[in-house]
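Just below is one structure, and these are the notes that go with it.
2 protein chains.
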Amino acid sequence: MARLDDLITRKGVYRHGSILYRSGDKFQALYAIRTGFFKTQILNEDGREQVTGFQMAGEIIGMDGISSDAHTCDAVALEDSEVCEIPFSRLEDLSRELPPLQRHLHRILSREIVRDQNIMLLLGSMRAEERLATFLLNLSQRFAVRGYSPTSFQLRMTRHEIGSYLGLKLETVSRALSHLQESKLINVRNRSLEILCLSGLQACMGKRTR
Amino acid sequence: MARLDDLITRKGVYRHGSILYRSGDKFQALYAIRTGFFKTQILNEDGREQVTGFQMAGEIIGMDGISSDAHTCDAVALEDSEVCEIPFSRLEDLSRELPPLQRHLHRILSREIVRDQNIMLLLGSMRAEERLATFLLNLSQRFAVRGYSPTSFQLRMTRHEIGSYLGLKLETVSRALSHLQESKLINVRNRSLEILCLSGLQACMGKRTR
DNA sequence: CTTATAGCTTGATATAAGTCAAAATTAACA
DNA sequence: TGTTAATTTTGACTTATATCAAGCTATAAG
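Line order of the protein sequences matches chains P and Y.
One point on numbering: in numbering that gives the first Met the number 0, the residue at position 26 of the first sequence is 25, and numbering is uninterrupted.
One point on numbering: in numbering that gives the first Met the number 0, the residue at position 188 of the second sequence is 187, and numbering is uninterrupted.
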């Protein structure tokens with residue numbers, strides 16, 4: 000553990016809107032978010048973007064870069080954030096010596112795969128309101144784990160960014176939020192969100208007309 | 000390399016339709032496909048399915064299981080296939096001793112993350128015909144790498160399975176295939192597919208009305 | 001070889017989500 | 001602190017894809 004600490008260095012503070020890494024940047028390190036909030040996104044040739052995730056304190060980003068020694072997405076701070084750098088080749092060295100660290104690294108990589116595949120399920124088979132309910136419940140749970148309220152929190156991203164993540168247009172996100180509010184499942188006013196009925200949202204997640 | 004060979008054992012032949020592993024099965028090994036064709040899919044509580052990938056000879060599957068010591072998807076043979084088993088804890092042991100093997104394993108895990116994020120882009124931002132063109136070009140390229148024709152091959156999966164992978168209904172897949180055929184970009188008759196114009200398909204991939 | 005079953009295509013119609021537009025609200029900044 | 005720009009909401013209308021249905025074609029089983 001002490002040796003892992005040696006490896007990790009404060010990379011510094013990223014102001015709202017600033018970029019931790021860009022697609023194409025040489026891959027050298029993973030990053031642990033100490034405080035704050037990030038989004039990762041890919042852009043294809045013709046300018047289309049897809050937000051691939053929102054990351055909060057305690058989460059690791061940058062794993063996309065391992066495969067080709069270059070990052071394949073952009074990571075952008077959605078609020079002022081503090082980040083630690085974990086040089087990857089040194090992490091590999093250390094994980095050869097420490098089997099529990101090795102195991103941990105493999106689990107983190109695999110967890111990212113599972114997360115992505117669940118988003119594929121969301122994008123491939125859920126309708127707008129379901130996607131949004133799933134998204135809100137995921138945020139709720141992650142805030143809860145960190146000791147914050149699972150039922151009352153600030154959205155750190157715009158409707159456009161939520162839409163990009165969920166495969167929807169921002170107007171659809173706005174309408175779906177309004178509709179969940181009409182249904183008394185949430186209260187939403189701009190970025191502040193309150194979940195009034197967790198179980199109702201869960202039910203909404205499982206609802207399919209398709 | 001010799002030591003890696005020791006580790007890998009023939010797991011045997013999987014007949015068309017048989018299951019290599021199921022969601023919930025204890026995770027113990029990765030699998031290398033020697034010959035044949037698989038699909039992986041996740042099923043959520045209410046029975047919805049999402050095909051998360053199609054895997055062919057030379058590819059590794061099972062990485063989803065590392066994170067929780069249990070598989071999170073099903074792997075089903077789409078034709079008679081031969082598989083090798085790579086016991087994961089022994090692979091971890093060996094990769095601690097052999098840095099190039101360790102690096103290789105990390106790249107494979109990361110490549111899966113990148114692949115999944117590109118599917119998120121497809122599902123989140125492309126229209127039906129574009130998704131299909133992207134899919135066909137991806138198959139084409141993978142066949143080419145293996146020394147098969149990039150322009151003439153058999154689809155190993157049903158329209159329903161293609162639809163599940165691409166987030167479309169089977170009728171939409173069928174119509175999109177017919178339309179690409181009318182446009183003289185492909186010839187398709189049941190499962191046999193011929194690409195008449197690779198660059199035309201690529202152009203179609205980049206086309207967006209949305 | 002015959003029958004049954006699963007898979008595929010195509011048409012008609014319905015609908016969820018997208019598009020366009022305008023107003024309202026909030027945030028940024030000079 | 002006023003002004004501008006960005007974000008959000010809501011409405012009216014359009015469209016891509018889903019749904020439903022029927023007929024057709026392969027493939028598998030007896």
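Just so it is clear, CB atoms sit at the ideal spot from N, CA and C, and this is done for glycine as well.
With a contact defined as Cβ atoms closer than 8 Å, residue 111 of chain Y and residue 112 of chain P qualify at about 5 Å.
Distance between residue 141 of chain Y and residue 109 of chain Y, taken at the CA atoms: about 18 Å.
For the 8 Å CB-CB criterion, residue 77 of chain Y and residue 37 of chain Y form a contact.
Per DSSP, the beta bridge partners of residue 73 of chain P are P/40. Using a CB distance cut-off of 8 Å, residue 115 of chain P counts as an interface residue toward chain Y. A straight line joining the alpha-carbon of residue 176 of chain P with that of residue 114 of chain Y spans about 31 Å.
Residue pairing of residue 83 of chain P in beta bridges, as defined by DSSP: P/9 and P/31.
Looking at the DSSP output, residue 188 of chain Y bridges to Y/191. By the 16-neighbour rule on beta-carbons within 10 angstroms, residue 16 of chain P is exposed. Between the segment 63-82 of chain Y and the segment 122-135 of chain Y, the count of C-beta pairs closer than 8 Å stays below three; the two stretches do not touch.
Take the alpha-carbon of residue 156 of chain P and the one of residue 189 of chain P: they are about 10 Å apart.
Taking residue 149 of chain P as reference, the option from P/192, P/9, P/183 and P/168 with the minimal CA-CA separation is P/192. Under the DSSP definition of a beta bridge, residue 55 of chain Y partners with Y/36. Taking 8 Å as the CB threshold, residue 99 of chain Y stays off the interface with chain P. Secondary structure of residue 147 of chain Y (DSSP, three-state): coil. For residue 107 of chain P, the enclosing alpha helix (DSSP H) has its first and last residue at 98-124.
For residue 25 of chain Y, the CB contacts under 7 Å within the same chain, skipping 5 residues up- and downstream, are 68 and 69 in chain order. Annotation for residue 65 of chain P: no alpha helix (DSSP H) segment contains it, and DSSP assigns it neither H nor E. About 6 Å separates the beta carbon of residue 85 of chain P from that of residue 31 of chain P, a gap short enough to meet the 8 Å contact definition. Selection P/88, P/123, P/35 and P/144 evaluated against residue 161 of chain Y yields P/123 as nearest (Cα-Cα). Around residue 51 of chain Y, the beta-carbon contacts reaching into chain P at under 7 Å are 116 and 119. If you check each beta-carbon in the segment 157-171 of chain Y against every beta-carbon of chain P, the ones closer than 8 Å belong to 163, 164, 165 and 166. Contacts between residue 57 of chain P and chain Y, judged by CB atoms closer than 7 Å, are missing: the closest CB pair is about 16 Å apart. With contacts defined by Cβ atoms closer than 8 Å, residue 118 of chain Y and residue 72 of chain Y do not form a contacting pair. Among the CB atoms of chain Y, one or more fall inside 8 Å of the CB of residue 44 of chain P. Taking all protein chains in view, the Cβ of residue 88 of chain Y is surrounded by fewer than 16 other Cβ atoms within 10 Å, so the residue is classified as exposed. Look at residue 71 of chain Y: its C-beta is under 8 Å from a C-beta on chain P. It is roughly 18 Å from the alpha-carbon of residue 172 of chain P to the alpha-carbon of residue 195 of chain P. The beta carbon of residue 182 of chain P does not come within 8 Å of any beta carbon belonging to chain Y, so the residue lies off that interface.
At least 8 Å separates the CB of residue 185 of chain P from every CB of chain Y.
Interface annotation, residue 103 of chain Y: not in contact with chain P, CB-CB separation never under 8 Å.
Interface criterion not met: the Cβ of residue 85 of chain P is under 8 Å from no Cβ in chain Y.
Only 115, 116, 118, 119, 120, 122, 123 and 124 from the segment 115-149 of chain Y bring a Cβ to less than 7 Å from some Cβ of chain P. Against chain P, the beta carbon of residue 11 of chain Y has no neighbour under 7 Å; the closest one sits roughly 25 Å away. Neighbours of residue 65 of chain Y in chain P, taken as residues at a C-beta separation under 7 Å, are given in chain order as 105, 106 and 109. The residue from P/54, P/27, P/146 and P/5 with its alpha-carbon nearest to that of residue 35 of chain P is P/54.
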